[in-house]
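Step one of this worksheet: look at the structure below.
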Amino acid sequence: MNTALLRSAFLFLAVQFSLLAQNNSQLAHLSGTLSDASGSGIGDVLVHARAEGSSNSLTWSAKSSPGGEYSLDLPAGRYRMQFTRPSFASREFVVDLAPGESHTLNLRLDLEPLSSNVVVTANTQPTELAHTSATVDIVGPQEIEQRQAVLLPDLLSTQTGISLARTGTIAGLTTIFIDGGSSAFTKVLIDGTPVNLPGGDFDFSNLTLDNVDKVEIVHGAESALYGTDAMSGVVQIVSHRGTTRIPQIDLFTEGGSFSSARGGTRVSGLLGKLDYSAAGS
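Counting in our numbering, the sequence shown runs from 10 upward without gaps.
What follows is the structure, given as structure tokens:
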């Protein structure tokens with residue numbers, strides 16, 4: 010009797026393992042690498058696979074590793090793939106997977122056009138403007154173009170809470186005051202690097218906007234991040250970054266009253282994992 014029961018249990022387990030192995034052999038394997046414009050992997054990308062033509066709209070999900078790799082085991086069928094991560098433009102694809110197929114889907118994610126709303130000055134990590142507690146003004150590329158300003162002080166003078174002190178017109182010594190605070194306690198950064206000494210003024214007179222993509226202005230004390238010389242606020246100047254493998258060349262000319270004219274050029278691109286940008290006018 011015991012022998013018969015053992016045989017029945019063994020046969021039952023063997024059938025279950027056989028069915029499980031058969032089901033696994035019918036699964037398709039989808040994997041790939043997600044990278045940015047420089048070729049570096051992007052981690053924490055949410056990968057969603059939604060079955061098409063299914064009444065209950067089944068969805069499978071995964072997250073990319075720090076190196077950008079992801080993988081999913083899916084039943085055969087058609088899936089709408091969605092790849093999302095904050096600050097990057099989401100991408101969608103439709104893939105057809107056959108039973109037992111191994112499919113590779115490598116993608117490049119581009120920065121979201123609205124990335125001008127990402128603040129890096131008021132926090133230790135890039136943060137959406139709506140999620141930071143500091144009072145921040147952002148001047149993005151569209152506003153820079155609309156203002157038609159040539160020098161950075163001309164652009165800053167249009168922002169709330171900022172006043173200028175100049176010893177002349179163009180090329181005259183120029184300092185800024187945020188919300189009435191001392192110019193000596195305004196921290197100035199260019200691409201995250203401090204350019205004024207602690208407790209020292211910064212001359213904005215010779216800074217043009219030819220190679221500037223964004224300006225962040227943080228109102229109020231930020232001494233916890235940048236030291237005691239950031240009591241009035243922080244001004245962060247973000248340079249343009251190249252995004253194309255083939256060098257991109259931008260040329261411009263413009264004229265104005267009193268027989269004035271100006272021209273310039275900007276060259277930018279990617280070189281391996283490095284990006285570059287240089288401008289002159």
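Cβ atoms here follow ideal geometry from the backbone N, Cα and C, with glycine treated the same way.
Keep in mind it's a predicted model, so treat the numbers as computed, not measured.
- Could you tell me whether the Cβ atoms of L118 and L43 are closer together than 8 Å? For L118 and L43, yes; Cβs fall inside 8 Å.
- Message: By the DSSP assignment, the beta strand (DSSP E) with Q257 in it spans what residues?
- Response: In the DSSP annotation of this structure, the continuous segment of the beta strand (DSSP E) that includes Q257 starts and ends at 257-264.
- Query: Would you report the Cα separation of H249 and K72, rounded to the nearest angstrom?
  - Reply: When rounded, the distance between both Cα atoms is 30 Å.
- Query: Just how far apart, CA to CA, sit G83 and A98?
  - Reply: Note on residue identity: the sequence assigns Leu, not Gly, to residue 83. Each residue's alpha carbon lies about 25 Å from the other.
- Query: Nearest to I153 by CA position, among I246, G52, H57, is which residue?
  - Reply: Nearest C-alpha to I153: I246.
- So P84 is in the beta strand (DSSP E); what residue range does that whole segment cover? Counting along the chain, the beta strand (DSSP E) containing P84 begins and ends at 78-84.
- Query: Quick one: what does DSSP say D105 is sitting in, helix, strand or coil?
  - Reply: Note: D105 maps to strand in three-state DSSP.
- Message: Using only the alpha-carbon positions, how far apart do W69 and H57 sit?
- Response: Between the alpha carbons of W69 and H57 lies a distance of about 6 Å.
- Closest residue to R59 among G52, D53, L67 (Cα-Cα distance): R59 has its Cα closest to that of L67, out of G52, D53, L67.
- Query: Can the beta-carbon of G229 be found closer than 8 Å to that of N115?
  - Reply: Contact flag unset, no.
- Residue environment, M10, which counts as buried when at least 16 other CB atoms sit within 10 Å: Unreliable placement is indicated for M10, whose pLDDT of 47 sits below 50; no coordinate value is reported for it.
- Looking only at its own chain, which residues have a Cβ that is under 6 Å from the Cβ of L28, when we skip the five neighbours before and after it? Its pLDDT being 41, under 50, L28 is placed unreliably by the model, and the measurement read from it follows with that caveat. No residues qualify anywhere along the chain.
- Message: Within 10 Å of its beta-carbon, does P207 have 16 or more other beta-carbons around it, so buried, or fewer, so exposed?
- Response: Around the beta-carbon of P207, fewer than 16 other beta-carbon atoms lie within 10 Å, marking it exposed.
- Task: Measuring alpha carbon to alpha carbon, tell me which of L173, G50, L81, G86 ends up nearest G189.
- Result: Closest by alpha carbon: L173.
- Message: One question on the structure: do A272 and G251 come within less than 8 Å of each other, judged by their Cβ atoms?
- Response: Correcting the residue type first, residue 272 is Gly in the shown sequence and not Ala. Contact flag unset, no.
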